[in-house]
Amino acid sequence: MKQPWLFPLLAIAISASAHAQIGIYGKFDATQLNTSNGSAFEIPGWYSGGGAGIYDDFLHLGPIDLGADLRGDLLAGNGQKYRSALAGLRLALKAPILPIRAYVQGSAGVGGPSHSGLAGSGAIYDNKFEYQVLGGVDYAIFPHLDWRVAEVGYGRLTGISDGGVTPASSLFTISSGLVVRLP
């Protein structure tokens, strides 16, 4: 039995994947952590530092790209450190004439602040489930180099962690950086 729709569907899938766009980025982050009760394990306030990630826009539908993003952050502030590792889906829109690309993404993973352990044991991280919704604008400086003008995000750390139950926290993040798009 012939299926006339199979060949066009396969051609579209191959064409979409043949033009995959991979980007590697580095960024400077400022994240505000807000806790409900100011637990000793989480000190509310601003954390800042660096982050890096990679995305792959694997599906192209005209000016719209759909892809995946993997990122990590190492931040410090208020006498503590904060780290996270997130993966998510990304939807990007390239302007037809302007050299800008706007995107929105939803990401989830593990994150949390550090706290002091026993004397001499160093920092202990409170690993919690974290999710964020992020959006930003990239501006093309050169053919394969973008300036991530701004990225803004809002997310939550759940109250459940590997160290027991700690208060849930909200996160507000703003960042800027550079993106290298591979050909």
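For the sequence shown, position 35 (counting from the first letter as 1) is numbered 16 according to the working numbering, and the numbering increases by one without interruption.
C-beta atoms are modelled at their ideal positions from N, C-alpha and C, and glycine is treated no differently.
The model shown is predicted, which means the values in this text are computed figures rather than measured ones.
Where residue i falls: helix, strand or coil (DSSP)
i: L74; result: strand
i: A(-3); result: Because A(-3) carries a pLDDT of 44, less than 50, the predicted location of this residue cannot be relied on, and no value is offered for it.
i: L47; result: strand
i: G60; result: coil
i: N15; result: strand
i: L138; result: strand
i: P80; result: coil
i: L(-9); result: In this prediction, L(-9) has a pLDDT of 46, which is less than 50 and means its spatial position is unreliable; what the coordinates show is noted afterwards. L(-9) falls in the helix class under three-state DSSP.
i: D107; result: coil
Option in the options with minimal Cα separation from residue i
i: W27; options: A73, G58, T139, S65; result: G58
i: G43; options: L74, L152, S29; result: L74
i: A11; options: L55, D50, S88; result: L55
i: T139; options: F153, L72, S157, F110; result: F110
i: Y214; options: A89, Y84, A49, G31; result: Absent from the model: residue 214. The displayed extent of the chain is -18 to 164, so no value can be given.
Unbroken beta strand (DSSP E) run spanning residue i, endpoints
i: H125; result: Run containing H125: none; DSSP gives neither H nor E here.
i: L163; result: 150 to 163
i: L42; result: 26 to 42
Cβ neighbour criterion (16 or more within 10 Å) applied to residue i
i: L115; result: buried
i: G7; result: exposed
i: L70; result: exposed
i: V160; result: buried
i: Y36; result: buried
Contacting residues, own chain, Cβ-Cβ under 6 Å from residue i (five flanking each side not counted)
i: G93; result: Y106, D107, N108, K109
i: S151; result: N15, R137
i: L163; result: I3
Cβ shell of residue i (< 7 Å), same chain only, five flanking positions each side left out
i: Y120; result: P80, I81, D127, W128, V130
Residues near residue i in its chain [Cβ-Cβ closer than 8 Å; skip 5 each side]
i: S29; result: F9, D10, A11, T12, L56, A57, G58
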